[in-house]
Amino acid sequence: MSRMKWLNVALATGVIAAGATGVAAIGNPTTAKATVRTSPVQRGEVQATVTATGNVASQDTLALNFTSSGRVSEIDVKTGDHVTAGQVLAKLDDTTQRAALVSAQANLVAAQGRLDQVQHPLSAAQAAANRASADQAAASVANAQMALDDEQRMLAANATGYQAAVDNAQAQLNTDQAQQQSDQNRLQQDQSAGNSSAAASDQDKVNADNQAVTKDQAALNNAKAAQAQGLAHDQQSLDQAKASLVSAQKAQAVTIANNNLKAAPPLPGDLATDQAAVASAQASLTSAQQTEEGTTLTAPVDGTVGTVNGTVGQAVSGGGSSVASTTGSTSSSTGTASSASGSSSGSSSGFLALVDLGGLQVKAGFSETDASRLKDGQPATLSFNALPNEQVAGHIVAIDDLATVVSNVVTYNVTIALDNPTTDVKPGMSASVAVVVAKADNVLHVPTAALRGASTSGTVTVMRNGAQVPVPVAVGL
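Residue numbers (numbering that gives the first Met the number 0): 0 to 476.
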């Protein structure tokens with residue numbers, strides 16, 4: 000027989016009798032002296048319910064783990080604490096992670112600097128320095144050219160002077176040689192004429208002429224030597240000036256080439272390499288930041304701490320957080336940790352378990368007869384052994400398709416969500432569930448105690464003219 004329960008009243012669907020506006024009598028009509036307790040037949044709502052028991056559980060239980068490895072340095076919450084999203088729950092010693100983060104930041108700065116240098120080879124200061132070096136090289140070339148021009152002019156002037164000295168010495172020699180020849184001819188004439196006195200005078204002149212010619216010859220030789228030496232010296236100076244000009248020109252060419260190289264756009268291969276280095280450094284920095292952030296365990300959502308499984312000083316390995324959902328026996332996970340299975344107590348594996356008291360539910364097993372009358376969304380009333388004065392409304396959110404058989408008893412698990420539970424309702428509490436499977440409005444009903452007979456048919460006793468009269472009725476929705 001179904002565990003059908005009539006709440007408050009039994010529905011009378013048949014015609015009670017003419018004059019059904021009488022009252023139902025509760026008691027033994029055959030006892031004359033019995034006290035008769037009556038109740039008026041009324042119109043109202045009648046509900047049919049099915050019941051079962053189960054335990055309160057959180058709809059979602061988060062198993063929280065650090066995403067980084069390390070040793071626990073602090074735990075900031077305890078079981079039962081209510082936490083808000085973003086609140087710090089525990090921390091690891093992050094000395095190693097912070098050092099790795101600083102190193103990753105420095106590597107990114109260096110890689111970005113190399114890329115900036117390739118992309119923008121010249122800063123304003125560097126461009127100004129390049130212009131200054133180019134101007135200095137050009138000035139050196141101009142100065143060397145001026146020095147060469149001066150040497151060339153000086154060489155030409157000196158060559159003219161040297162040649163004039165030689166010409167003057169040659170002219171003086173020619174003059175003295177002509178005088179020597181004239182005096183020599185006169186001497187010969189006077190000697191031939193036997194003019195000894197004139198010949199002696201001529202001889203003195205010839206001797207003087209010889210000395211003059213000798214002196215002139217020496218002066219000519221000296222002038223020629225000075226000319227050769229001066230021209231050689233001037234040519235050497237000219238060659239040095241030419242070499243200085245060539246050197247200045249080469250230095251200018253090197254300066255211009257270096258400046259052009261500094262200002263040249265990056266080669267595609269160099270640019271790609273530096274860009275890849277920056278991307279790699281950025282990825283390493285992101286990883287280091289995530290590793291550092293993973294040393295702090297924070298609450299992802301508002302909730303209540305269900306269990307704390309770790310202790311300060313404990314070494315933990317990096318994992319992640321998982322969520323276990325009891326609705327429809329499904330579960331999902333986030334991070335790298337394995338999914339935790341839901342339980343009636345709301346606990347879960349992980350460093351710390353966080354439950355959502357705003358999403359409490361009860362999973363109860365209904366008999367196959369009662370389960371056939373259940374549908375998603377049907378309302379339910381839940382009561383709790385630990386809270387005798389507490390009742391909470393709920394509704395069906397899931398019905399298992401597969402049966403559970405225990406000792407040849409077939410049941411189907413049904414999940415009922417609590418609509419507005421108070422803070423007194425905790426995961427793990429035992430709960431009784433009454434689900435409304437049918438109801439009727441504006442129907443005749445009398446107290447269940449007034450009914451005699453079977454549940455679908457029977458009699459009620461009606462007072463008529465002071466007498467108790469049994470009236471057959473049909474009951475049920």
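We treat Cβ as the ideally placed atom computed from N, Cα and C, and that holds for glycine.
Check	Outcome
C-alpha distance - S344 paired with L296, whole-angstrom precision	Only weak support exists for where S344 lies, its pLDDT of 38 falling under 50; the coordinates are left without a value.
Exposure label - L353; buried when at least 16 CB within 10 Å	buried
Residue interval of the beta strand (DSSP E) (run including N54)	Q41 to S57
Element boundaries [alpha helix (DSSP H), containing N173]	A123 to S191
For R70, three-class secondary structure by DSSP	strand
Alpha carbon of Q118 to alpha carbon of D269, nearest angstrom	10 angstroms
Beta-carbon proximity check, D399 vs D59, cutoff 8 angstroms	no
Sequence-distant residues of the same chain with beta carbon closer than 8 angstroms to S181, five excluded per side	none
Three-way DSSP call (helix, strand, coil) for S406 in this model	coil
Helix, strand or coil at K77 [DSSP, three-state]	coil
Short Cβ contact (8 angstroms threshold) for G445 with V459	Here residue 445 turns out to be Val, not Gly, going by the sequence shown. A contact, by the Cβ cut-off of 8 angstroms.
Rounded separation between V442 and V361 - CA only	33 angstroms
Three-state secondary structure (DSSP) of R372	coil
Whole-angstrom distance between L260 and A506, CA atom to CA atom	Because the chain spans 0 through 476 in this model, residue 506 falls outside it and cannot be assessed.
V155 to D148 span [Cα, whole Å]	Here residue 155 is Ala; the residue named in the question, Val, does not match the sequence. Near 11 angstroms, if we compare the C-alpha coordinates of D148 and A155.
S347 in three-state terms, based on DSSP	Only weak support is given to the placement of S347: the predicted model assigns it a pLDDT of 48, under 50, and the value that follows is read from those uncertain coordinates. Looking at S347 - three-state DSSP - the assignment turns out to be coil, as it is neither helix nor strand.
Top-ranked residue by Cα proximity to D451, from A437, R463 and V470	For the record, residue 451 in the displayed sequence is Arg; it is not Asp. When only C-alpha atoms are compared, the closest one is V470.
Neighbour-count burial assignment, S347, 16 or more Cβ in a 10 Å radius	For S347, the predicted structure reports a pLDDT of 48, less than 50, and the residue's modelled location is therefore unreliable. The matter cannot be settled from this model.
Integer Cβ distance of N419 from A392, believed to fall under 8 angstroms	7 angstroms
In DSSP terms, what V87 is bridged to	T297
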